[in-house]
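Here is the structure we will look at.
Residue numbers (this note's numbering): 249 to 977.
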């Protein structure tokens with residue numbers, strides 16, 4: 249396959265050999281500068297030490313670690329010892345570095361990588377910039393005459409279109425990240441940052457993705473079709489394989505170039521022959537030469553990471569000379585201004601196998617570096633392994649001293665005087681059960697009991713354990729990760745307020761790291777994806793005036809603290825005064841428990857089907873009962889209103905009659921007022937003037953029209969004398 253591919257590419261024009269050599273020399277010089285610059289910075293020594301402490305290795309126990317070297321394996325089989333008379337000391341390594349590193353990485357990953365949310369969003373700009381074409385559309389829409397209503401209609405239409413485009417752009421980027429296993433790659437990045445202090449994430453870079461579809465033709469036969477497409481992707485890069493410009497300072501994007509190293513097997517190198525843009529002749533020469541090594545690092549156990557049948561591939565991103573790129577046959581170079589153009593080059597065995605323009609016109613490097621704790625003047629950081637290194641050494645010293653003291657104090661030390669020999673004549677003076685000893689005449693001891701003596705080495709376990717406890721406490725202080733939050737100890741506060749206070753104090757470190765993650769990873773990474781889609785996506789409907797809104801991963805860190813408040817909010821959800829959406833409240837409550845609310849909520853189709861179902865008879869009965877109670881309440885209200893009106897009318901009528909009586913007979917007014925006051929009544933207008941008393945003549949006696957009854961007789965005698973009461977003779 250390789251030979252045929254080479255023959256197919258022999259017809260292509262060869263670039264100028266001198267310019268190729270000049271470009272290759274320039275690239276090799278920059279690579280040498282990047283490799284030596286990182287070595288001289290001392291960061292590789294720190295990485296080696298951090299890796300060893302994470303694995304539980306130091307100078308005391310290094311030779312006791314199993315390796316894959318045959319020489320060391322032979323030494324173990326032969327039980328060789330460089331100094332057999334050396335005192336036996338404890339080499340135990342009580343590893344607290346690994347659990348602290350793993351706990352910190354796991355906690356940060358859980359907070360920054362929720363399964364149901366993202367820390368970024370694509371939004372249309374609040375004030376979109378109108379291009380020349382859009383401005384002309386506005387003029388045509390208004391008919392050349394300014395109209396405020398038409399202007400608002402046009403602007404609203406543009407805003408709706410921009411929002412729709414932003415939603416489509418976010419969906420496209422999210423799809424690429426999901427296919428790249430974004431969560432898995434970022435989790436590796438966080439683990440590298442916690443262990444070594446720095447993690448590297450690459451993206452977007454083009455990858456070939458293939459899929460298969462099955463279709464049936466008119467004859468009924470089934471065929472399988474392979475569909476391939478080039479899409480942007482992201483991946484984690486081992487910090488050992490990334491070499492930035494030494495002059496970049498604390499930001500790799502301020503440098504002039506970057507290098508990345510990868511290892512390829514023979515099969516992977518052969519597959520590159522069929523890829524477009526690769527020089528098959530140079531690849532063939534590299535295959536014939538075999539792998540060459542350019543400073544491969546040693547593993548923590550002393551073995552080489554690179555295997556013998558792996559080729560080093562170096563990927564360069566930076567600026568190259570325009571004439572050299574043109575001579576190399578780089579396409580789409582015409583029309584680009586400047587002597588230097590952002591490009592990408594690939595080297596295998598120091599052979600230039602590919603040169604092309606950078607995937608992004610901006611020339612941004614497709615790399616992001618996350619430093620757990622920043623170091624001045626360099627892009628690399630300090631991880632949890634480095635923060636706890638001193639404490640780990642303190643703990644190792646205290647534990648090893650404890651073990652040594654335990655061994656010394658476990659058995660007594662025996663003192664044997666001169667002239668004391670075993671009765672069996674052996675030269676071995678070790679103590680054995682039932683052994684007989686002889687005291688010679690020339691012995692210094694006159695008493696056989698003075699020939700032997702024993703003493704016990706004092707035990708200082710309590711003092712050494714205080715050092716161990718101090719080291720464990722300092723581990724929490726130096727890393728900012730309380731052991732309680734790691735699940736190591738159960739000494740959590742017993743009150744809710746104390747628990748929240750300790751959680752807030754512990755999450756302050758996480759909030760700082762979350763903000764660094766936003767500034768150095770999320771924002772630049774998503775902005776490059778946005779530029780990629782604007783430049784390469786064939787879908788113009790997702791393009792427009794938009795911006796990347798990083799919603800702060802620190803907000804995801806605060807979600808745990810907000811969970812308790814969400815539970816307390818449950819009593820306010822049903823109150824319509826607050827206008828709370830129960831569905832949104834439930835979604836946020838479920839997200840706080842790291843669950844997907846879609847698992848519990850009805851879909852749009854299910855809600856539509858539920859609305860079309862016949863109502864539940866029980867619900868209808870309850871609704872009818874509620875309506876009947878409402879009707880009864882309304883009737884009772886009307887009855888109460890009628891009774892109140894009747895009482896008011898009766899009272900008004902009585903007051904009118906009383907007023908009429910007072911008007912006819914004013915002399916009864918004081919008596920009526922006295923009766924009203926005696927019954928507890930109060931005058932609403934006590935300052936009103938009193939009703940004037942008018943002298944009215946007394947009414948004359950009513951005239952009696954009955955002839956049988958005299959009108960107002962003066963006395964009974966008058967009637968008697970008049971003959972009315974009896975018949976006098």
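Every residue, glycine too, gets a C-beta built ideally from N, C-alpha and C.
Here the structure is a predicted model, which means the values were calculated and not measured.
Open item on the list: So, at 6 Å on beta carbons, what are the nonlocal neighbours of residue 319 in its own chain, with the 5 sequence-adjacent residues on each side left out?
Closed with: Here residue 319 scores only 43 on pLDDT, less than 50, and its place in the model is too uncertain to base an answer on.
Task: Alpha-carbon to alpha-carbon, residue 282 and residue 560 - done: 16 Å
Open item on the list: Extract the residue ranges of the alpha helix (DSSP H) inside the region 396–457, only unbroken runs of 4 or more that lie entirely within it.
Closed with: 396–427 and 430–444
Task: Residues near residue 500 in its chain [Cβ-Cβ closer than 7 Å; skip 5 each side] - done: 492, 506, 613, 615, 617 and 627.
Open item on the list: Measuring only the C-alpha atoms, how far is residue 903 from residue 882?
Closed with: Straight across, the Cα-Cα distance linking residue 903 with residue 882 is about 32 Å.
- [ ] Assign residue 312 to one of two classes, buried (16 or more other C-beta atoms within 10 Å of its C-beta) or exposed (fewer than that).
- [x] The Cβ neighbour count for residue 312, taken over all protein chains shown within 10 Å, is under 16; the residue is labelled exposed.
TODO: List the endpoints of the continuous alpha helix (DSSP H) containing residue 817.
DONE: For residue 817, no alpha helix (DSSP H) segment is defined, and its DSSP state is neither H nor E.
TODO: Can you tell me which of the three DSSP states residue 647 falls into?
DONE: helix
- [ ] Kindly indicate the opening and closing residues of the beta strand (DSSP E) around residue 514.
- [x] Premise fails: residue 514 lies in the alpha helix (DSSP H), 514–519, not in any beta strand (DSSP E).
Task: residue 798 - DSSP class collapsed to helix/strand/coil - done: Strand.
- [ ] Measure from the alpha carbon of residue 445 to the alpha carbon of each residue in 633, 456 and 343, then state which is nearest.
- [x] Checked all of 633, 456 and 343; the closest Cα to residue 445 is 633.
Open item on the list: Could you pull the DSSP bridge partners for residue 463 from this structure?
Closed with: 471
Task: Outcome for residue 679 when other beta-carbon atoms lying within 10 angstroms are tallied against a minimum of 16 - done: exposed
TODO: Taking only runs that begin and end inside the region 891–930, name each unbroken alpha helix (DSSP H) of 4 or more residues, in chain order.
DONE: 917–926
- [ ] Could you have a look at residue 613 and say whether DSSP puts it in helix, strand or coil?
- [x] coil
- [ ] Could you name the residues of the same chain whose beta carbon sits closer than 7 Å to that of residue 436, not counting the 5 residues immediately before and after it, in chain order?
- [x] 484
Open item on the list: Please tell me whether residue 368 and residue 769 are closer than 8 Å, where the distance is taken between their beta carbons.
Closed with: no
TODO: Quick one: grab the DSSP three-state call for residue 689.
DONE: In this structure, residue 689 counts as coil in the three-state DSSP scheme.
Task: Residue nearest to residue 762 in terms of C-alpha spacing, selected from 434, 833, 346 and 421 - done: Considering only alpha carbons, the answer is 434.
TODO: Please report how far the alpha carbon of residue 870 lies from the alpha carbon of residue 878, in whole angstroms.
DONE: Straight-line Cα distance between these residues: approximately 12 Å.
Task: C-beta contact flag for residue 691 and residue 702 at 8 Å - done: no
Open item on the list: Would residue 593 and residue 275 be called neighbours here (beta carbons separated by less than 8 Å)?
Closed with: yes
Open item on the list: Report the CB separation of residue 712 from residue 658 in whole angstroms; it is logged as a contact under 8 Å.
Closed with: Contact doesn't hold; Cβ gap of about 15 Å is too wide.
Task: 7 Å CB neighbourhood of residue 439 in its chain, flanking five on each side removed - done: 353
- [ ] Name the one or two DSSP bridge partners that residue 566 has.
- [x] Beta-bridge pairing links residue 566 to 505 and 591.
- [ ] For residue 567, collect the residues of the same chain with a Cβ closer than 8 Å to its Cβ; drop the 5 residues on either side in sequence, then sort them by chain order.
- [x] 504, 505, 588, 589, 590, 591 and 611
TODO: For residue 205, name the three-state secondary structure that DSSP assigns.
DONE: The first residue shown for the chain is 249 and the last is 977, placing residue 205 beyond what the model contains.
TODO: Give the straight-line distance between the Cα atoms of residue 757 and residue 705, rounded to the nearest whole angstrom.
DONE: 46 Å
Task: Beta-carbon gap between residue 780 and residue 524 smaller than 8 Å - done: no
Task: residue 726, enclosing alpha helix (DSSP H) - first and last residue - done: 709–727
- [ ] Provide the residue(s) that pair with residue 190 in DSSP beta bridges, ordered along the chain.
- [x] For the chain, the structure presents residues 249 to 977; residue 190 sits outside this window and is missing.
- [ ] Can you tell me which of the three DSSP states residue 482 falls into?
- [x] strand
Task: Simplified DSSP state of residue 837, which is helix, strand or coil - done: In this structure, residue 837 counts as helix in the three-state DSSP scheme.
Task: Of the listed residues 669, 760, 654 and 681, nearest to residue 709 (C-alpha basis) - done: 654
TODO: Starting from the Cα of residue 562, find the closest Cα among 619, 526, 357 and 600 and give me that residue.
DONE: 600
Open item on the list: Please determine whether the Cβ atom of residue 401 lies at a distance below 7 Å from any heavy atom of the ligand SAH.
Closed with: Although the ligand SAH was asked about, the structure shown includes no ligands whatsoever.
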